[in-house]
Structures are given as structure tokens and as C-alpha cells.
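Residue numbers (the working numbering), protein chains in the order written: chain V, 65 to 691; chain C, 65 to 691.
By construction, the Cβ of each residue, glycine as well, lies at the ideal position given by its N, Cα and C atoms.
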């Protein structure tokens, strides 16, 4: 049983810690993990049973023809839920969840065939043959999520019937897709990152080698060109030749994550550098203020450079999960704090808002501008994945709920790392960290009311390691941050990494004060869609205006703000000064189109973007037109 | 044989003229009609044969199982081409086209069944049953286009085997979808407008009544809710209750056109008013500067109010065709010149640019901003319908080429109308008009080099009608237009309609001078996507910048313009003053995101939008950021 954490590179600049070494002890993320365990996981299970997606396995195992429920990738939802359960069991030890996990994985096993093959959509009576439609069939994609569940189980409870089943699947993939076999790829990347991690978890090098083969085959045009072009599944150019992330956003980010794993474990510096280069350009030109990625609804894809419409932002929740996967791998590989900045941004502004406070409804798409005050979806009904401005209990394509669940269950893994010299804290939340450094054991407690407050206290509760270095991430936005050393000495620290090296005494406190006053943020002039607008950010959180906070009858479409005055943060409430405008309708272009018929000064209350759509129906926008 | 024109309401404010009464004698539209006849129609025929979409009919007629080529609506492409051929035969009398028309319609007839049913996708061995999937099956949609072809033939050549076949189809529809039959609608409107017109062309009232039934059934939820919601096929609310055009743009506009026909012919003022109201709001809030409609790629649909991104503008060519259909019907019903304005805008800025100068490649989507300098598609290959910034010879979904062909062939019908008091000219092109007014025959010639020049001369060549009124449309953009009466008297005329009543003498000339200097045009402040930008228009044409006209290495993304100086139009070349800017990459949001590293003053040459992408690959934009 290796360390209980999702990503364990064979070599890296920073070493991940396990869920047994980092516990989130309070604040937003503790509540989120609690809700995830008590509500979200069971909610997902309900829907997977209700819709028959889980029952497909028993039916497929029967050998009889059956009417299959769900889309071609529905098996993967059960696997992602199993992964979420495995991490949650590792985190909390819940016996109730353990019982259900064993039963669920037994239900999955019913469909496995003697040679390891496992999929409810292909190869059974009346179905198309195995691997007959790699472009859209998702067989290897589903395996990938099954394997990630297997890795989670291996690292939290060790080998059992489920992990043995998973290894039979992985062996089958290596047999069938290895040299001389089907030398092609799956239309949805995921098998790469999964096989690489299973290789790490089992010590079995053939899994890594097979992952490398799949990475290398991208761009060889082994898939048929579809309606969206080969770029859709990153089969347009080889991974190491691409300049930017492109095509379907989740596919692109899963593939990038797998490519990093392969690059790191095979010592392929060129491949690692290629992915870093793609990431950098993606961040500079194809990423929303929220950290969201993917601007195109039609193919759930990255758009062109600087094509970042806030209203038709797709910014899929799963792309947020996938971007955290990629950024975390780059952080471990390089140690650079910018990756931690991006994880924080995505966590607060994509992941946190993609699920309702009660954990039972979800956003699939996360646009930064909602023009209509939509009603909640009908309870108990499936929603179209990109429909409307309210969270829905489940979707026709329901990849996001289970993806969020597995991420929240393992979220403690992203809080801190270690290296030979000490400990690095990347995400600020109340937490208890206990690990073994080179010199011996250390225990550290993080206390914070972050990000409502910018004051973060790191207290060393035990130091059996002698002299070591505590590293703290100072976010790029935190100009003017102040560090207080255990001695009481205060000094301003620049964005990036700040570190303190000493032989800490138990009780030593290091205090980091990050400026969390609300601040104006403008866009690059090349982002056409938000020209002439500003946003307000507060700490790591993006804020937004909702129409229900405007004067009666006004809509966010009618709003302008006065950037001559600073945003005011007062007792947790942020406001900016502005006006609402009345305009007449007519042909909306001309020397003086649709002239204003009135205006009214107003104070605009802003709320965190992740709390949007949690009150009455409202229109909403992040980017506010400047007067 | 009734008047050879596409739309002949039983009652209207203005009466349409036939292709035998109006001939386009020169200028852009004459060249376009020539190219349509000599190149586009044959190009379409080539592809329909090459891809097997035409051969489906013979195979379906064989009674044997067959592998069908094309998408579920491919039959309709043959029908739209037949309609284009029928109008072109009516216009030019080409014997070569007549021979091919007879052969083509004979090939279609091979698939008609004894009860009138005709579709190659349903009801044959191995296929799904007839009318088993009204949501997406397109059977009635295909009939609609077949019927429109039948109407064109009836009105240009009279009854023949083809028109008798078409009537058997229409009778079958009335039998099967009438009261007590399948009381549902088709997922793609078109049958309504077609049946109403066939009722006019044949004098058979049951067709109109069936059209009315289909109109009335929209909003009754007789279709299953699909992934895009019932709004996609306008089955969300009844036509007379809707506030705006919404859902799939082509469906919405075909339906609106049919609703006007039914309203006019049944004297249903409420229904007519409902469609006018929807049109007005659509024009004010959901229409691009080009007159293009539909902003969403994912469902080819209207977006929310003011959601009009230029880069992801869908603005489907077929939606342009359909919007001309709707506007023309409203013009005939009301006589208001604003509908003529919109037809002119769409004709120049959507239709004219949707086809290459040689008539052999097409745009399906017509965005106002192209960020990448794409290469031409591979010759002889199908293109994805919304792919790239270059025209393609044919598409996977290839509704636009044949739709454009039928519109160009019948374009003369939109030039002028008559009423009891005289003649109205709506579109300015060299033309010869000969018709019978209340008092007798008149012949009028229009001479113009429009819109390169704004001078339009209308010469009365014959007047056997005594005193009558000549009405001329003064476009809304034409502030400062000057009219010169036959007497030589000049006066400024306001946008709208200008009319002259007199007993014209042969040789009398009326001259209208429209100001066609290039002009700045701004957007309604509620159109977020182009805030801080201006466009340049010249006469009815929208202009654009292409990167190949910028200094070496500069892209349209780097451009700003100086609106302090007027655009200069000099000998046919329009330029504006501006700068190109260099920006560094980085996180693109912040107090000073990605600061400028340099700038260079430049004169920016602009070209008509409809001529975009006819030179070397280039990025392109209509909306230019203001300095």
C-alpha cells in the first residue's frame, strides 16, 4: 500500500503528501468534503441506480441481449464514483461507504469477461464489436476511470478483488493495444494518465510503457476524421509538437496530464517542456478569469486565442477538474508557485461553484455571464448539460458530478508538499499536516479564515526534524503581502514563494497576511469579448453581480460601474458604485443606436462567483462595463 | 399558370411582380444570376450525384434494401436545386436546364409510393417506419422544399408530371396529418410556408388549411423534448404567444414566414401582429450588423437578447435566405420600407458573401470576425459546415448552396412591387420593369452603379397608365439623400419612402442620390461582445479589415482605429487611420495585464464584407476597437 494520494511521480521536484498526512480541519473545504461524503456521493449513486446506468453491468454480464441505458460513456460515471468513494473511505474510514464500495465494485465485476474486457456498450449480443468505434466508443476512456478508481483503492486499502479486476483490465489493454495489436488510440484521452499511475502504484513498468505508446500515437491520425476535425481528440499533431492546448478541453487536459506523467517517469525533458509550453500559452490566451477553460459550446472545446466570450463560456466543470490535474503535475515536476495559483483560482471559481451548497445539484458549464433569470430545473428530471443558469441534479451527459466528487474527496492532497529541504504549503485552509522530513517527523497546523480574511497562521506543533524550510505560496495577486516570523519580525514579501529556514520550536508561529481587499481587474486588450469592462476580485475569488441585488426592474444588461472609486469591502459585503441605464429598442447599430432614455445611480453589491445562482433566479455577470 | 414569383398572397398592401415583369439587367446581381445559372446550379448537381444523394431516389424506388447516402434531410437538397432550376428556367428559358430539370424530377419520382409518400430515409426495407421520428426525421421538411419546387414549376411552366407528383405529396400530407390523423408537427418548419403557397398556386384551400393546422400545433408539445429543448423547433409556446424569434434560426424564420402566409390568407390580424412583434424584437436585439441571424454554433440558434458575438456568430447562410423570406412577406403585407432595408442588408452582407465570386464555394456560417488565417479546404472534399474562414465546395450538411441558388435565381422578384396607385422600387440594381398598372401598361428602366455609386436613375420608358405614383425606398442609413424630379428640381428626402405622383411622359427621369461615403457605425451598448468598437459601413455594405492589408506580421487582433478622423473613400478604396499594437503574453487579467510593448501607426484598408476571404488567407474583423 503506497501513499494515499492521487499522483505519485517516480521523480519530482516536490513530493506529494498523502491523505493520511494532510487533513483539512475546517473552513470551506472541510464543509465541502463533509457535504461530498454525506450528500454528493449518495446523490450520484441514487441517479446511477435510478437511470439504470449501474444495472447495465449485471445485464451485460448475463450474456443475454439487453436494452442498455445511458450514453456510450455511462460506465465511467460508476467508475468515477467508485474512485470518489475510495478516496473518501481513505479519508474518513466510513464503514457505511466501505460496505457500499465493495457491493458497487462487485456489481461492476459482473460484466468483466474472461480475457479482462469490460464495457457494457460493446461486444454483447446485438451490440457492435469491441473496439469497432474507437473515435466515439469511449472504451479506453472508461477503462481509464476504472483504473484511477483501482489506484485509489490500492493506495488507501491495498489489493483486493476490485484492484485485481482492475489489473486484469489493464493487462488486457496492454495485450490488445500493444505493439502488433491495435496500434490506435481512444477518441477521449484518459487511459494514458490512468495507466501511468497504475504503473506507479503497482511497480509494473508495462503500464507506463503502454501509456507512453498512447501518448506517442496522438497525432498519427489513427482515428477517422470526424465532424469537429482530428483536433477534437488531439489527433491532429503529435503531443510534443503542439503549441497550445486545443480541441475538446477535457480531452486535451487529460492528455496533457498523462503526457506529464510519462515525461516525468521516462525522463523525457522534451515532452515535459512541450506540455509546459502549451500550458503557458493556454493560460495567456485561452483561459477565463475564473481559471475556466474551453469557450466553445458546440464541441466543448478550446476556442481560438483570446476568443473568451463570458456569456457563452463553456468552462466545463470537468475541464476545471482536468486543469487541476495538469497544474498539480506541473507543480510537482517544477515546484513553481504559478501552478498553485492556478489550482487555487480554479478551485474557488470553477469547482466550488459547480456544486450547490447542499451538494446535490451541479453546473456542467460555468459561463461568466448569465443573461436570463432562469428557473430551477424540474426536480427529478434530467437536464441538458449546458442548459440555463441554475444548477441541475443530473444531466444527459453527467460527467461532472462524479468528477467533482472524486476531486473533493482527495482535495487534501493538493494542500501541501515536501522535498528534501522541508515543507511547502500551496493551498490555504485550516489543516493539520503530519509528515516525515529528512531529519524526522514534523507536525504543522494551519489556521485561517481564508479567503474571508487574508491572515494565515502556520504553527509548528512538533519538530523532530531539526532545521528545515517552510515554503509558503504568495499568490500573484497578493502585492503587499506581509510575513511575520516566529520572532515577531514583520516584512513585506513579493508574490511567488516565500521560505523560512530554521530549527523550528514547537509552538513557533509564522503568519502570512495576504491583502484581500476587493480589487479591480482588467482584461488583456486582445480579449474582444470583455473590452471596456472590469471585474472585481477579492483574494482568490472572482466576484459577480446578480440582478436581484440591483434596483427593481434593472437587469445586469443595464449596468455600468465607476472605476474612479475603489470597490468597498465592508463586513463581508462588497459594493461598487455605478448606474443602471434605460435604453429604447430599435435597429441597434448606427451613429447613435438606441439612445439612453434614463439612468439611475446605484450601489452594486457583488458576491463571490461560486455563490451565484444560490438565491432567487437572477441574471448575472462577472465583467462589468466601465462608465 | 399564375405569376412567376415565389410569394403571391391572396391579399396584401403591395403586389409582387413576376420574373417576367422584372429583369435584372446589369450590375452585381446580374453577374450573380449569371454565375448562378452557369456555375452554381451545375456545381450543386455535381455534388448531389457524386455523393449519391440523388441516387437514393432510384434505390428507394427499387423496393430492395439499400445503403442510403447522406444525412436525414439530403432529399431536400435535390428539391431546392429543382426549385432553383425551375426559377432559372423561368428567368432565362435555358433548354439545357429544362432538359436536366425534367430528368431530375423524373429521378425523384422514382421513389414516390402509390399513396403519395416520398422520402428515401424512412419506410423502406431495413428503415424505420414512416413518420416514426418527427422530431429529427425531416420528412415534412423535405416535402416542403419539394412543394416549393412544385410551386416554382407551376408558376413558370404550368402543370406537368412533376407538379402532379408534388400535388400527390401535398394531398398525402393533408390526408395523413389532417384532423383525426397524426396531429403533430415536423421538427423542422418548412411544410407550412410551402403548403400555403401551393394553396395559392393551385387555388386549393385544403393546403392552406393544413398549413394553418401545422402553424397552430406549434407550442402544443406534440414533439418529444430533445437535447436542445422544445424551443429548438419552436414547439415551446404557440406562435401567436411568442415574443421573439428563438431556437434554431432557420426553423424559426421558415415558421414565421409560413405564419405570415396563413395570417394574410385567413385574415388573421392577431397572428400577423404577433409575427411582426417577434420580428421587431429580433431585429432590435438578436440581429448582427450584417443582417445575419443566429449566434449559437451548438444548436444553430438565436442566442439571448444582445448575445451577438462577432467571432462565434453563426449567422447561417440559410438563415439569411429565410430572413429574406420573412421580411419580403412582411413588406408585401405592410408596405413598410424597413423590411426592404433589411432585405438589402441581408442580400449584400449575408447572401452575396456566402458564395464565392465563381459560384462554386460557400460559407455556411458567416461570422463577423475570423481570428485565424485559414487555408482553403482540400479540393473535392466535404467540409464541416461551420469550419474555418474559407469558403468550401460542399458540406456534410449542405443546405446552404442550394438555398442560395434558388434565391439568386428568383432574386428579381424582390426588386419592385405594384399597388393600385403605382409602382414601388425596393432594391436598386440595373433593371427593366414592365407591368400593368390600373390605368394600363408601364415600362421603367433603372440605371445605377449601386452601391459603388449612390446615384440611381429611374427612367419611364413607356406610360400607358396615365397618372400613377412612383415610390422609392430611401434606406434608413441614407440621411441627406437627394431626389431630382423629371423637371430637374432637387430636394432632400428623408429615410423611408419617397413618392412622386404624375402622368409620366416617356423619357422622364427620376434621380435618387444616396450618400455612399463610408461612415462609422457604433453598436447598442447592450451588445457586450463589440463594446468599445466601431464598424465602417458604405451604403448598404458592411466593410471589414483583413490582416493581409495590415503592416507585415500584424494581425487584426492587434488593431485599433482612430474615430476622430472620418473614414476616407477614395476611388473605390476605403481607409481608416489606426495603429497596430504589440503585446506581451502572460496571465491576461490584472491591474495592467499584458502591457503593450510597442505600437505603429497605420492606414487600414477596408473591403466589403462580402468580398472577404477571396484573396490570400487572412484574419478578418468587422468591428474595430476604438483607440
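query, result
"Simplified DSSP assignment, three categories, for residue 51 of chain V", "Limits of chain V in this structure are 65 at one end and 691 at the other, which puts residue 51 of chain V out of reach."
"Chain C residues whose Cβ lies nearer than 9 Å to that of residue 647 of chain V", "588, 589 and 590"
"Assumed close pair residue 472 of chain C, residue 217 of chain C - CB separation to whole angstroms, cut-off 8 Å", "That pair is no contact at about 18 Å."
"Residue-level contact to chain C via CB, residue 353 of chain V, 7 Å cutoff", "yes"
"Start-to-end residues for the beta strand (DSSP E) that takes in residue 335 of chain V", "Where residue 335 of chain V is concerned, there is no enclosing beta strand (DSSP E), although the alpha helix (DSSP H) it sits in stretches over 333 to 349."
"Coil, strand or helix - residue 563 of chain C by DSSP", "strand"
"Length of the line joining the Cα atoms of residue 445 of chain V and residue 99 of chain C", "53 Å"
"Closer than 7 Å at the beta carbon, the chain V residues around residue 296 of chain C", "Within 7 Å Cβ-Cβ: nothing; residue 296 of chain C doesn't reach chain V, min ~10 Å."
"Segments assigned alpha helix (DSSP H), at least 4 residues, entirely inside the segment 387 to 448 of chain V", "401 to 410"
"Own chain, CB closer than 7 Å to residue 584 of chain V, minus 5 neighbours either side, in chain order", "598, 600, 627 and 631"
"Three or more C-beta pairs below 8 Å linking the segment 112 to 120 of chain V and the segment 81 to 97 of chain V", "no"
"Beta-bridge pairing of residue 601 of chain V - partner residues as DSSP gives them", "V/583 and V/606"
"Integer Cβ distance of residue 73 of chain V from residue 329 of chain V, believed to fall under 8 Å", "7 Å"
"Contact set between residue 658 of chain C and chain V, taken where Cβ atoms lie within less than 7 Å", "588"
"Status (buried if at least 16 other CB within 10 Å, exposed otherwise) for residue 683 of chain C", "buried"
"Contact list for residue 117 of chain C against chain V, beta-carbon separation under 9 Å", "Chain V residues near residue 117 of chain C: none, gap ~17 Å exceeds 9 Å."
"At least three beta-carbon pairs within less than 8 Å, the segment 462 to 478 of chain C to the segment 379 to 395 of chain C", "yes"
"Backbone CA spacing between residue 366 of chain V and residue 121 of chain C [nearest angstrom]", "41 Å"
"Same chain, Cβ closer than 7 Å to residue 282 of chain C, five either side skipped, listed in chain order", "249, 298, 299, 302, 303 and 319"
"Interface partners of residue 612 of chain V on chain C, CB under 9 Å", "Within chain C, no residue comes near residue 612 of chain V; the closest Cβ sits about 18 Å away, beyond 9 Å."
"Cutoff 7 Å: residue 361 of chain C Cβ touching any chain V Cβ", "yes"
"Interface flag, residue 593 of chain C vs chain V, CB-CB below 7 Å", "yes"
"Contacts of residue 292 of chain C in chain V (Cβ-Cβ under 8 Å)", "448"
"Range covered by the beta strand (DSSP E) that runs through residue 166 of chain C", "Per DSSP, residue 166 of chain C belongs to no beta strand (DSSP E); it is in the alpha helix (DSSP H), 159 to 173."
"Any C-beta of chain V under 7 Å from that of residue 615 of chain C", "no"
"Residue 647 of chain V, DSSP secondary structure in three states", "strand"
"Buried or exposed (CB count within 10 angstroms, at least 16 for buried), residue 699 of chain V", "Outside the displayed range of chain V (65 to 691) lies residue 699 of chain V, so it cannot be described from this structure."
"Backbone CA spacing between residue 315 of chain V and residue 261 of chain V [nearest angstrom]", "17 Å"
"Nearest candidate by alpha-carbon position, reference residue 70 of chain V, set V/133, V/289, V/108 and V/148", "V/148"
"Candidates C/558, C/645, C/651 and C/567: closest to residue 587 of chain V by CA position", "C/651"
"Alpha-carbon to alpha-carbon, residue 659 of chain C and residue 389 of chain V", "30 Å"
"N-terminal and C-terminal residue of the beta strand (DSSP E) that residue 527 of chain C is part of", "519 to 527"
"Sequence-distant residues of its chain with Cβ nearer than 8 Å to residue 156 of chain V (five each side left out)", "101"
"Contacts around residue 339 of chain C, its chain only, beta-carbon distance under 6 Å, and the 5 residues preceding and following it disregarded", "320, 323 and 324"
"Residue span of the beta strand (DSSP E) that contains residue 212 of chain V, given as start and end", "Where residue 212 of chain V is concerned, there is no enclosing beta strand (DSSP E), although the alpha helix (DSSP H) it sits in stretches over 203 to 220."
"Contacts around residue 497 of chain V, its chain only, beta-carbon distance under 6 Å, and the 5 residues preceding and following it disregarded", "86, 480 and 508"
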